[in-house]
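Residue numbers (the UniProt record's numbering): 1 to 478.
The structure is reproduced here in structure tokens:
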């Protein structure tokens with residue numbers, strides 16, 4: 001590729017310019033100036049956060065310019081606006097007679113594709129919809145969000161993770177209401193309704209279950225990881241209510257992209273919002289939005305907030321979550337869920353659908369921003385017998401002695417949870433210990449397997465506080 005083909009539009013990452021025999025660097029540069037004019041606007045900040053990749057071809061003899069826009073998600077909320085703007089701006093160049101804009105979407109690519117169970121390897125974004133108590137409308141939000149994303153053009157699935165009281169079979173009406181097995185692959189085939197793939201314990205044909213926590217976690221993991229989801233842009237997980245072991249286990253197994261918290265607007269509900277935000281924060285899962293359900297109603301041309309509007313100010317002030325969405329007290333919202341047809345499908349032009357459209361745009365944009373962030377890279381360098389840690393968005397890389405990492409484990413196996421007394425003593429860990437495997441665990445930590453079979457979860461934040469190797473060890477001779 002010639003150097004002139006590597007021109008970047010004001011640092012915004014036009015990846016390449018495909019030359020033809022008629023094109024010149026000067027005129028390509030002229031086009032890029034006009035494109036960068038779009039990129040300098042408020043409008044384009046939204047485009048960038050939605051993850052566009054742009055390529056350009058020109059045919060000067062015909063006066064023809066072609067953009068090929070590759071979206072990170074087909075649900076990009078500003079794709080039509082960008083297409084129109086690009087046409088209008090580039091068409092003002094004197095020698096341009098025709099502008100062609102085509103669009104495509106990237107295949108689903110998860111952040112940790114090589115480390116995930118097969119069923120999750122072709123899912124781009126996994127979004128948890130969570131609440132700390134039942135009865136606040138969490139499932140209503142999860143289902144309507146999923147169908148909103150599908151309406152925006154995304155490939156979407158819903159996983160109902162509530163084994164004790166699955167809601168999905170009531171809220172949607174697929175023709176096939178039983179999950180099927182692929183006998184050859186021994187995997188689960190999801191059912192579908194209006195193009196959205198669905199999995200719920202309620203579709204397993206066994207009714208509601210009476211199980212202890214560990215059994216429930218096992219069932220949830222099996223349903224989620226052995227399903228043939230196919231390529232999805234978004235998998236929406238309707239989390240079981242609460243912040244207990246089941247929720248924590250699910251968050252640790254699945255690399256969640258983002259979380260949406262659902263609550264009601266009473267003062268007391270703020271305590272539950274705080275619990276949910278802290279849980280996801282601990283697991284390094286960004287909370288991108290809070291939805292206040294049953295927030296207001298309209299009567300005689302006036303809007304009433306029977307529970308006040310205090311919650312939104314607390315959420316913004318204490319947790320810095322600026323994206324808050326209100327849902328009304330409206331009989332049709334619950335009635336549509338009971339009828340098996342989500343509100344955004346039953347009334348796509350209504351007020352509730354517009355609110356979910358705004359929520360969908362928020363989720364798409366925030367997930368795109370999150371995916372552009374690079375996770376901390378943790379690897380074992382066998383040549384120098386040290387663990388390498390590369391911090392994202394910086395040039396910082398440091399080394400840790402494997403024994404130091406093992407001695408700093410803070411799990412119940414190593415430290416008494418009540419007294420803080422160290423169970424594993426310094427001398428219990430050999431100086432020459434080496435990890436057998438290091439793999440990412442969700443978005444917040446790595447799982448390290450040691451020769452004695454112990455599996456250590458090491459949060460990225462904790463690794464950065466450990467004593468580092470100042471002198472780089474010399475590579476071991478082959």
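Ideal Cβ positions, reconstructed from N, Cα and C, are used throughout, including at glycine.
As the structure is a computational prediction, the values presented were derived from the model and not from experiment.
Closest residue to residue i among the options (Cα-Cα distance)
i: residue 151; options: 412, 361, 86 and 330; result: 361
i: residue 343; options: 172, 405, 422 and 253; result: 172
i: residue 366; options: 403, 289 and 300; result: 289
i: residue 120; options: 222, 176, 142 and 132; result: 222
i: residue 154; options: 96, 451, 187 and 125; result: 125
i: residue 462; options: 424, 88 and 400; result: 400
i: residue 62; options: 81, 391, 89 and 96; result: 96
i: residue 369; options: 347, 258, 89 and 298; result: 258
i: residue 166; options: 329, 219 and 270; result: 219
i: residue 287; options: 423, 296, 88 and 323; result: 323
i: residue 291; options: 315, 300, 299 and 164; result: 315
Residue i - containing beta strand (DSSP E), residue span
i: residue 295; result: No beta strand (DSSP E) holds residue 295; DSSP gives it neither H nor E.
i: residue 303; result: 302-304
i: residue 187; result: 187-189
i: residue 378; result: 377-381
i: residue 181; result: 180-182
i: residue 236; result: 232-238
i: residue 259; result: 258-263
i: residue 321; result: Counting along the chain, residue 321 falls outside any beta strand (DSSP E), and DSSP gives it neither H nor E.
i: residue 157; result: 156-160
i: residue 449; result: 445-449
i: residue 391; result: Neither: residue 391 is in no beta strand (DSSP E) and is coded neither H nor E.
i: residue 125; result: 123-130
i: residue 196; result: 196-200
Proximity below 8 angstroms, CB of residue i to CB of residue j
i: residue 327; j: residue 279; result: no
i: residue 468; j: residue 398; result: yes
i: residue 321; j: residue 378; result: no
i: residue 145; j: residue 415; result: no
i: residue 160; j: residue 199; result: yes
i: residue 429; j: residue 407; result: yes
i: residue 194; j: residue 188; result: no
i: residue 260; j: residue 319; result: no
i: residue 325; j: residue 359; result: yes
i: residue 143; j: residue 262; result: no
i: residue 405; j: residue 457; result: no
i: residue 311; j: residue 269; result: yes
i: residue 264; j: residue 117; result: no
Residue i burial status per 10 Å Cβ neighbour count (16 or more: buried)
i: residue 470; result: exposed
i: residue 202; result: buried
i: residue 147; result: buried
i: residue 227; result: buried
i: residue 273; result: buried
i: residue 455; result: exposed
i: residue 191; result: buried
i: residue 94; result: exposed
i: residue 85; result: buried
i: residue 183; result: exposed
i: residue 387; result: buried
i: residue 162; result: buried
i: residue 17; result: The predicted position of residue 17 is uncertain, since its pLDDT is 31 and thus under 50; a value taken from the coordinates is nonetheless stated next. Classification for residue 17: buried.
i: residue 479; result: Here the chain covers residues 1 to 478 and nothing more, so residue 479 does not appear.
i: residue 207; result: In this predicted model, residue 207 has a pLDDT of only 48, less than 50, meaning its place in the structure is not dependable enough to derive any value.
i: residue 465; result: exposed
i: residue 376; result: buried
i: residue 138; result: buried
Nonlocal neighbours in the same chain, by C-beta distance under 6 angstroms from residue i, ignoring five residues either side
i: residue 157; result: 197, 229, 232 and 235
i: residue 140; result: 337
Beta-carbon contacts of residue i that lie in its chain and below 8 angstroms, excluding the five residues immediately before and after
i: residue 91; result: 99
i: residue 251; result: 128, 279, 280, 283, 285 and 442
i: residue 247; result: 130, 239, 240 and 279
i: residue 177; result: 169, 191 and 203
i: residue 402; result: 380, 385, 386, 387, 433, 434 and 435
i: residue 519; result: A question about residue 519 goes unanswered here, because the residues of the chain that appear run from 1 up to 478.
i: residue 297; result: 303, 304, 306, 328, 329 and 330
N- and C-terminal bounds of the alpha helix (DSSP H) containing residue i
i: residue 331; result: 331-338
i: residue 406; result: 402-407
i: residue 148; result: 138-151
i: residue 460; result: 460-463
i: residue 272; result: 269-282
i: residue 250; result: 245-253
i: residue 168; result: 168-171
i: residue 345; result: 343-346
Cβ-heavy atom distance, residue i to the ligand MN, below 7 angstroms
i: residue 171; result: Absent from the structure shown: the ligand MN. Ligands present: none.
Own chain, CB closer than 7 angstroms to residue i, minus 5 neighbours either side, in chain order
i: residue 174; result: 191, 192, 193 and 198
i: residue 242; result: 132
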